[in-house]
Amino acid sequence: MYIDQEKMQRIINFARAHHADEGIHRWEHIENVVGYAKHLSKYEEVDETLVTIAAYLHDIGHKYVEEPTHHFKSAQISHELLLSMNFSEEYADAVAYVIMSHRHPVAAVSKDLICYVISDADKLDMIGPDLIINAVYNVGRFEGRTYEEALEFAKHVNDSAFQVLFTETAKRIAKPENELAQEIYRGLSRKRNFMLGVKNGEQNVG
133 MYIDQEKMQR IINFARAHHA DEGIHRWEHI ENVVGYAKHL SKYEEVDETL
183 VTIAAYLHDI GHKYVEEPTH HFKSAQISHE LLLSMNFSEE YADAVAYVIM
233 SHRHPVAAVS KDLICYVISD ADKLDMIGPD LIINAVYNVG RFEGRTYEEA
283 LEFAKHVNDS AFQVLFTETA KRIAKPENEL AQEIYRGLSR KRNFMLGVKN
333 GEQNVG
């Protein structure tokens, strides 16, 4: 379905108003998910416009509710927005359905390719070295976790996201990013162990 630029910009502005510049659910994450969604939609042959709208709106519920139910709130608000913009009930339903499915368990149950695409687009932004930087800066700063706790959080998110990708396109994109992230984690672990040995006065800590 084609929509004019004015409508798309209104959707973008609405989504932008629901996200901060910093934090875990920052605007940069939304832009990244949109980029991945557009790329995946071309290879997986799903409606690019629909999945793009869903990508922009998929996390707006975070402003009102926490995990693990934000996807329902995001879908509800998005449905109301699209109806107010004179989209058809059918189209608003379709976008809301895809938004609800960006959470992996819902996408898995749906067995719908377009739901796999939005789920994979979201997960791809949780894999790779960028996640480490984001975790150390944002998780530590905004959630009060220590450096080591932030790294453990990042590794858990990275590993979990990599394991639940649906499409072969997403898996190809994620593979080198995951490999690089794992090497960084191993290097950081070696350094932490070395420094712990030094602090404890151990010999031969190399």
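Start counting the sequence shown at 133; every next residue gets the next number (this note's numbering). All residues carry an ideal CB built from backbone N, CA and C; glycine is no exception.
Do you know how far the Cα of S251 is from the Cα of H203? Along the sequence shown, one-based indexing puts residue 203 at 71. Along the sequence shown, one-based indexing puts residue 251 at 119. Spanning the two alpha carbons is a distance of roughly 11 Å.
Beta-carbon proximity check, E222 vs L215, cutoff 8 Å: Within the sequence shown, residue 222 is the residue found at index 90, counting from 1. Within the sequence shown, residue 215 is the residue found at index 83, counting from 1. No, Cβ-Cβ distance for E222 and L215 is not below 8 Å.
Taking 7 Å as the cut-off, is the beta-carbon of A147 closer than that to any non-hydrogen atom of the ligand SAH? The model on display carries no ligand, and the ligand SAH is accordingly not part of it.
Touching or not, the segment 255-262 and the segment 306-315, by the rule of three or more beta carbon pairs under 8 Å? yes
Quick check: the Cα distance between H211 and R324, rounded to an integer number of angstroms? For the purposes of this step, residue 211 is taken as the residue at position 79 of the sequence shown. For the purposes of this step, residue 324 is taken as the residue at position 192 of the sequence shown. Each residue's Cα considered, the two are about 48 Å apart.
Only counting the same chain, and skipping five residues up and downstream in sequence, which positions put a Cβ closer than 7 Å to that of I144? Taking the first residue of the sequence shown as 1, we reach residue 144 at position 12. Same-chain partners within the cutoff: Y188.
Have a look at A315 and Y134 and give me their C-alpha separation to the nearest angstrom. One-based indexing of the sequence shown puts residue 315 at position 183. One-based indexing of the sequence shown puts residue 134 at position 2. Residue identity check: residue 315 is Glu in the sequence provided, not Ala. Their Cα atoms are separated by approximately 43 Å.
Take R322 and list the residues in its own chain whose beta-carbon comes closer than 6 Å to its own, dropping the five residues that flank it on each side. Translated into positions along the sequence shown, residue 322 becomes position 190. There are no such residues.
By the three-class DSSP mapping on this structure, what secondary structure does K243 have? For this step, residue 243 is matched to residue 111 along the sequence shown. Three-state result, K243: coil.
Between I185 and the rest of its own chain, which residues show a CB-CB distance below 7 Å, the 5 nearest in sequence each way excluded? Along the sequence shown, read from residue 1 onward, the residue named residue 185 stands at position 53. Closer than 7 Å at Cβ, skipping near neighbours: I143, V227.
Is DSSP giving F326 helix, strand or coil here? Mapped onto the sequence shown, residue 326 falls at position 194. The answer is helix: DSSP assigns F326 an H, G or I state.
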